[in-house]
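Notes to accompany the following structure.
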Amino acid sequence: MMRKAMNIKVSFKLLVLLLATAFVTVGCMTTQVDLGGIELRNVKQPAENLISSGQPSQESLKALKENGLKNVINLRTEGESAGFDEKQVAQELGLNYYSLPISGRSGITFENAKKFSDLISKAEGPTLAHCGSGNRVGALMALNSYLKNGDLEKAIADGKASGLTSLEDTVRRTIESKKTEED
Numbered sequence: 070m071m072r073k074a075m076n077i078k079v080s081f082k083l084l085v086l087l088l089a090t091a092f093v094t095v096g097c098m099t100t101q102v103d104l105g106g107i108e109l110r111n112v113k114q115p116a117e118n119l120i121s122s123g124q125p126s127q128e129s130l131k132a133l134k135e136n137g138l139k140n141v142i143n144l145r146t147e148g149e150s151a152g153f154d155e156k157q158v159a160q161e162l163g164l165n166y167y168s169l170p171i172s173g174r175s176g177i178t179f180e181n182a183k184k185f186s187d188l189i190s191k192a193e194g195p196t197l198a199h200c201g202s203g204n205r206v207g208a209l210m211a212l213n214s215y216l217k218n219g220d221l222e223k224a225i226a227d228g229k230a231s232g233l234t235s236l237e238d239t240v241r242r243t244i245e246s247k248k249t250e251e252d
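Once you know that position 136 of the sequence shown is 205 in the working numbering, the rest is easy, because the numbers rise by one and skip nothing.
Structure representation (structure tokens):
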């Protein structure tokens with residue numbers, strides 16, 4: 070009975086976190102946000118059990134873990150400093166940690182989008198996918214959307230709902246290039 074009560078408590082905390090995220094993303098897309106003391110930049114909720122954002126802090130990872138987070142997918146490269154050893158911190162917190170280094174515009178490919186999609190599928194439970202700002206997360210989400218539905222504008226909209234900003238032109242070129250190859 071005690072375990073069931075704990076599961077309900079964790080589920081409720083996560084629900085509150087996800088609802089707060091959904092409300093914040095509508096009104097505050099490019100600034101630091103506060104989710105009941107959890108600070109993340111450019112927070113989005115592109116799918117159930119998936120939050121995208123910019124670089125989390127050690128404190129935000131701990132708070133997210135306390136609210137039910139199970140997985141972290143980091144798209145930053147080794148050369149981008151988080152100011153702490155994110156992998157070590159995540160593992161010490163008991164989070165599953167996945168790294169898929171995406172190097173700016175050159176990393177926005179269908180191959181990397183597929184790898185990212187595979188990581189999201191592999192991650193069971195609430196997941197945070199992040200890069201420096203959320204832009205690369207959104208770009209790869211856009212490419213995956215295009216692969217699923219074949220609609221460029223829907224893919225861009227899905228990407229923006231996931232954090233896509235300045236990489237939109239790269240996403241458009243990548244999709245147009247694929248369309249040309251298919252013709």
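We put the CB at the ideal spot given by N, CA and C, even for glycine.
The model shown is predicted, which means the values in this text are computed figures rather than measured ones.
| Query | Result |
| --- | --- |
| By DSSP's criteria, Ser121 is part of a beta bridge. Which residues make up the other side? | Lys113, Ala198 |
| Quick one: grab the DSSP three-state call for Ile189. | helix |
| Kindly list the residues whose CB is nearer than 6 Å to the CB of Pro170, restricted to its own chain and excluding five residues on each side of it in sequence; keep chain order. | Thr146 |
| On the CB-based measure, 16 or more other CB atoms within 10 Å of its CB, does Gly207 come out buried or exposed? | buried |
| Any idea if Asp220 is buried or exposed, counting beta-carbon neighbours within 10 angstroms, 16 or more meaning buried? | exposed |
| Take the Cβ of Glu155 as the centre, count every other Cβ of all protein chains shown within 10 Å, and call the residue buried at 16 or more, exposed below. | buried |
| If you draw a straight line from the alpha carbon of Lys248 to that of Ala211, how long is it in whole angstroms? | 15 Å |
| Given 8 Å as the limit, is there contact between the region 154 to 168 and the region 131 to 143, that is, 3 or more CB pairs closer than that? | yes |
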